[in-house]
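Numbering (UniProt numbering), first residue to last: 1 to 187.
Ideal Cβ placement from N, Cα and C applies to all residues, glycine included.
Being a predicted model, the structure only gives us computed values, none of them experimental.
Worksheet: one structure, shown below.
The structure is reproduced here in structure tokens:
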């Protein structure tokens, strides 16, 4: 038993020796106060209060094509602020089956897809819908441009939400997939 105590004591001393003498080594950027790591301050390159309100009607356009697997690809252009979150949906009219993707506006545009099963989409009528979720889920920089309730949004694509969460955007386009032709947008 005496040998066992010596082994345990030497293990404990080895562990304690690695702990140091309580002084911090080096100057770490994550300063500790009271033994608790403090969160880093967020640094915004541009304060939200200095961004100008969005003062134009919302513009939104799409171009739709079939890719090499016969699935839909959607590319859009918009004048919405960068980082605005949008949802793109493709729906087959005959069955009501739909595919969705969330996208973010970058440099005046967005891209979504492919939409459809791996075997490709059958011919027929489809609808493309682009919506903007409520302002409350948008980044702070977008909220400051569009308003806390979307009050700076304007134009025919702007609608009120069903649950009183402000104003949002809804747009839709109809199209047909025609064999040998591809996508035909309806007026």
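- Between residue 72 and residue 110, the C-beta spacing is not below 9 angstroms.
- Within the region 87 to 129, the runs of beta strand (DSSP E) that reach at least 3 residues and sit entirely inside it are, in chain order, 98 to 104 and 109 to 115.
- In summary, residue 185 is exposed, with fewer than 16 beta-carbon neighbours lying within 10 Å of its beta-carbon over all protein chains present.
- Shown here for residue 120: same chain residues with a beta carbon closer than 7 angstroms to its own, the five before and five after excluded, namely 69, 70 and 71 in chain order.
- For residue 64, the three-state secondary structure derived from DSSP is strand.
- In the structure shown, the three-state DSSP call for residue 145 is helix.
- In the three-state scheme derived from DSSP, where H, G and I count as helix and E and B as strand, residue 136 is classed as helix.
- Looking at the DSSP output, residue 83 sits in no beta bridge, so it has no partner there.
- For residue 174, the three-state secondary structure derived from DSSP is strand.
- Residue state for residue 184 is assigned as strand, using DSSP reduced to three classes.
- For residue 152, same chain residues with a beta-carbon under 8 angstroms away, outside a window of 5 residues either side, are 53, 54, 55, 145 and 146 in chain order.
- The alpha carbon of residue 181 has as its nearest neighbour, out of 75, 98 and 124, the alpha carbon of 124.
- Here the C-alpha atom of residue 90 lies approximately 15 angstroms from the C-alpha atom of residue 118.
- Beta bridge pairing from DSSP links residue 75 with 63 and 111.
- Short of 8 angstroms from the beta carbon of residue 161, and not among the five residues preceding or following it, lie these beta carbons of its own chain, in chain order: 134, 167 and 168.
- Residues of the same chain with a CB within less than 8 angstroms of the CB of residue 126, apart from the 5 flanking positions on each side, are 72, 90, 91, 92, 93, 174, 175, 176 and 177 in chain order.
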